[in-house]
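Let me begin by presenting the structure, written as structure tokens, before commenting on it.
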Amino acid sequence: MKTVLITGGSRGIGKALVQRFLSEGYFVIGTSTKGVTDITHENLLVVQLDLMSPESIRNCADKILNIKKTVDILINNAAALWTERVGDTMELQVDILRKTLEVDLIGVIDFTLRIVPIMSQGGHIINISSRQGSLHYVHEMKNPSYQISKAGLNMFTKVLSCQLKDTITVSSVHPGAVLSGLAAADANMLPEESANYIYDLAISKSKTGQFWFKGEPFPW
Ligand SMILES: NC(=O)c1ccc[n+]([C@@H]2O[C@H](COP(=O)([O-])OP(=O)(O)OC[C@H]3O[C@@H](n4cnc5c(N)ncnc54)[C@H](OP(=O)(O)O)[C@@H]3O)[C@@H](O)[C@H]2O)c1
38 MKTVLITGGS
48 RGIGKALVQR
58 FLSEGYFVIG
68 TSTKGVTDIT
78 HENLLVVQLD
88 LMSPESIRNC
98 ADKILNIKKT
108 VDILINNAAA
118 LWTERVGDTM
128 ELQVDILRKT
138 LEVDLIGVID
148 FTLRIVPIMS
158 QGGHIINISS
168 RQGSLHYVHE
178 MKNPSYQISK
188 AGLNMFTKVL
198 SCQLKDTITV
208 SSVHPGAVLS
218 GLAAADANML
228 PEESANYIYD
238 LAISKSKTGQ
248 FWFKGEPFPW
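Under the working numbering, think of the first position of the sequence shown as 38, with each following residue one higher.
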């Protein structure tokens, strides 16, 4: 039985991913900030993870290492967004930048580097990024700290793909404008549809170090 590790498996896209992988016969390790989800399944293990806290990251990774399973797929899906709206405009705010980078970038990197040693050869790491982190598509400030963190996450995908060469595939994914917690006003995709595209990519033998949307290359 193959194992997938999905951060932020309690809601939105992450929850839809947990359900899809369970239905495909995977053993699923999901995380949430409180260590609970409303899905119960014999092949689901839920572990507490708060990416804001280095201690929580260490404890979560240690628990996963202790169950002695090889992780075939890691999906770094968990993220948070704090609005920087001031009146009618967005303003980059350093206090928000610090916590966004902690959760959406540094925490993800810390967690990933702890999991890499127990990943299988031929495994796949998927970083759920965003169109908002694409330099190609930035023409205005939307959520500046979030934009900066997702651009950084994309660079992590590239850097890690160089480090891991061809042993483990590393991908960034734009999941679409999805009707979930971090939805933009124009969101129109169901979490299940987004999860289906991510699932197909996760099990594919795709080129490492790429950015994807709906199974097609997406501009950085
Ligand atoms: N929705 C969109 O349109 C869209 C577009 C582009 C990219 N994305 C990306 O897609 C991913 C999922 O987004 P979503 O809309 O499904 O989000 P969501 O519904 O808000 O769910 C966020 C998940 O992340 C977890 N989480 C939040 N803060 C965390 C923290 N400090 N430490 C660890 N886990 C934390 C939450 O756990 P709890 O339930 O415990 O709070 C939850 O499981 C994110 O990476 C997001 O940036 C989404």
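A virtual CB, placed ideally from N, CA and C, is assigned to each residue, including glycine.
(1) Please determine, among Ser69, Ser243, His173 and Asp75, the residue with the shortest C-alpha to C-alpha distance to Pro256.
(2) Go ahead and label Asp141 buried or exposed: buried means 16 or more other beta carbons lie within 10 angstroms of its beta carbon, across all protein chains shown.
(3) With 16 as the cutoff for other CB atoms within 10 Å, does Lys242 come out buried or exposed?
(4) Is Gln158 helix, strand or coil by DSSP?
(5) Tell me which same chain residues have a C-beta within less than 6 angstroms of the C-beta of Lys187, skipping the five on either side of it?
(6) Following the continuous beta strand (DSSP E) through Phe248, name the residue where it begins and the one where it ends.
(7) Unbroken beta strand (DSSP E) runs of length 3 or more, entirely within the region 38-90: which are they?
(8) Taking its Cβ as the centre, do 16 or more other Cβ atoms sit within 10 Å of Pro212, making it buried, or is it exposed?
(9) Work out the CA separation of Glu177 and Thr149 for me, nearest whole Å.
(10) Under 6 angstroms: does the beta carbon of Asp87 sit that close to some heavy atom of ligand 1?
(11) May I ask you to check if the CB of Ser47 is nearer than 6 angstroms to at least one heavy atom of ligand 1?
(12) Residues bridged to Glu253 by DSSP?
(13) Quick test of the definition: if touching needs 3 or more C-beta pairs under 8 angstroms, does the region 194-212 touch the region 90-105?
(14) Confirm the yes/no value for this check: CB of Gly51, any heavy atom of ligand 1, distance under 6 angstroms.
(15) When DSSP builds the beta bridges, which residues end up paired with Asn164?
(16) Cβ of Thr137 within 6 angstroms of any heavy atom in ligand 1?
(17) Measure the Cβ-Cβ separation of Asp109 and Thr40 and say whether it is below 7 angstroms.
(18) If you run the structure through DSSP and keep just helix, strand and coil, what is Met192?
(19) So, at 6 angstroms on beta carbons, what are the nonlocal neighbours of Leu18 in its own chain, with the 5 sequence-adjacent residues on each side left out?
(20) Less than 6 angstroms separating the Cβ of Gly116 from some heavy atom of ligand 1?
(21) Touch check for the region 121-131 and the region 63-77: three-plus C-beta pairs under 8 angstroms?
Reading from the atomic positions:
(1) When the alpha-carbon of Pro256 is set against those of Ser69, Ser243, His173 and Asp75, the nearest one is in His173.
(2) It counts as buried.
(3) Exposure of Lys242 is indicated by the presence of fewer than 16 other C-beta atoms within 10 angstroms of its C-beta.
(4) Strand.
(5) Within the same chain, Lys187 has close Cβ partners Ser166, Ser167, Gln169 and Gly170.
(6) Annotation: the continuous beta strand (DSSP E) that includes Phe248 extends over Gln247 to Phe250.
(7) Entirely contained in the region 38-90, the beta strand (DSSP E) runs reaching 3 residues are, in chain order, 40-43, 64-69 and 81-85.
(8) The residue in question, Pro212, is buried, as its Cβ has 16 or more Cβ neighbours within 10 Å.
(9) Straight across, the Cα-Cα distance linking Thr149 with Glu177 is about 31 angstroms.
(10) Checking every heavy atom of ligand 1 against the Cβ of Asp87, one is found closer than 6 angstroms.
(11) At least one heavy atom of ligand 1 lies less than 6 angstroms from the C-beta of Ser47.
(12) Phe250, per the DSSP bridge assignment.
(13) As far as the Cβ criterion goes, the region 194-212 does not touch the region 90-105, which means the pair count is below three.
(14) For ligand 1, at least one heavy atom lies less than 6 angstroms from the Cβ of Gly51.
(15) Per the DSSP secondary-structure output, Asn164 pairs in a beta bridge with Asn113 and Ser209.
(16) No.
(17) Taking 7 angstroms as the Cβ cut-off, Asp109 and Thr40 qualify as a contacting pair.
(18) Helix.
(19) With the chain covering 38 to 257 only, the question about residue 18 has no answer from this structure.
(20) The sequence given here places Ala at residue 116; Gly does not occur at that position. Yes, the Cβ of Ala116 comes within 6 angstroms of a heavy atom of ligand 1.
(21) Fewer than three pairs of CB atoms, one per stretch, sit closer than 8 angstroms, so the region 121-131 makes no contact with the region 63-77.
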